[in-house]
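Inspection log for the structure reproduced underneath, given as C-alpha cells.
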Amino acid sequence: MERPEPTPTTPAPRRGRPPKTAAERDEGNRRQALIAAAAKLFRTKGFDATSTRDIAAAADMQSGSPFYFFQSKQALLHAVMQEGMARVAVTQSDTLKALGAGASAHDKLRALIRHHFEVLLGPYSDFIPVMLYEWRSLTPEQRADVTQIKDAYESVWIPVLRALHRSGHIKAKPGAARLLIFGALHWAVQWYSVDGPMTLDEISAQAMKLFTGEA
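Using full-length UniProt numbering, the first residue of the sequence shown is number 1, and each one after it goes up by one.
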C-alpha cells in the first residue's frame, strides 16, 4: 500500500513585533543621530544659540532633516531630555540588578552614585546638563513629562536612603537627603575634568565618605 504524501504544514505565526525593515532601522538611527547632535550643541552653545541648521550639519544631514523627525527645535529639546532620562533609568536598574539580592544599602548607594557620575560626566553625558540648564525652554506639558521620568529615576534611591537613615549612617531625612545628594552630584558638572586629579571611581568614593561617613 502506498503511503499518503505528507500534507505540508502551515508555519506557526511568529509572536511579537515583526522585525524592522532596513528603512525603519535607518530612520531610527538618523533620529538618534539628531538627538545626540542636538544634546551636544545644546550643552556647548545653549538652546537659543543653536539652530536646526547647526544640528543637521552636526548630524551630517540636510538642513531640513530635523523637521522630518521633530515638529520644532523645542520638540527636539524635549526628546533629548525624555529619551536621555528613559535610557539611564534602564541602566540604573541594570546596575542594581548586577549587585545581587544580598547587596547592602551601602553597596547600593555606592553603585547608584557611581552610575550617576557616569551619567553626568561619562562619554554620553550631554543630556543631564542640558536638562539642568535648559529646563525653562520646555513647555509646561513637556516639563511635566520629563519630571515624571526623572522622579521615577530618583525614587529608586529612596528605599536605600531610608535604610541608611534607619541604621544611622545618614542623619538627614531620606527626602531631604535625596535632594541634597542630587544637588551635590549635579554640581560636579561645573568642576570635574577628565584631566583632573580624580577619576570617577575616586570622586564616587569621596562622595560616599561625605554622605555616609564611610571610612
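Glycine included, every Cβ here is placed at the ideal spot set by N, Cα and C.
Close Cβ partners of residue i (< 7 angstroms) along its chain, the five nearest in sequence each way excluded
| i | result |
| --- | --- |
| M1 | Model confidence at M1 stands at a pLDDT of 49, short of 50, so the residue's coordinates are unreliable; what they give is reported in the following sentence. So the list is empty, once near-sequence residues are dropped. |
| D126 | A39, K40, R43 |
| A79 | I35, F70 |
| T10 | Residue placement at T10 is poorly supported in this model, since its pLDDT is 49, which falls under 50; the coordinates still yield a value, given next. Contacts found: none. |
Three-state class that DSSP yields for residue i in the structure shown
| i | result |
| --- | --- |
| E154 | helix |
| V80 | helix |
| L138 | coil |
| E214 | coil |
| T91 | helix |
| P174 | helix |
| S204 | helix |
| A49 | coil |
| H116 | helix |
| T199 | coil |
Exposure of residue i, with buried meaning 16 or more beta-carbon neighbours within 10 Å
| i | result |
| --- | --- |
| K158 | Reading off the sequence, residue 158 comes out as Ile, not Lys. By the 10 Å Cβ count, I158 comes out exposed. |
| L76 | buried |
| G84 | buried |
Residue nearest to residue i in terms of C-alpha spacing, selected from the options
| i | options | result |
| --- | --- | --- |
| A205 | A101, G46, H116 | H116 |
| V130 | L210, I203, G28, F47 | F47 |
Same chain, Cβ closer than 6 angstroms to residue i, neighbours up to 5 away in sequence not counted
| i | result |
| --- | --- |
| A37 | I55, A58, A59 |
Cut-off 8 angstroms between Cβ atoms - residues of its own chain near residue i, not counting five sequence neighbours on either side
| i | result |
| --- | --- |
| L200 | R114, F117, E118, L121, G122 |
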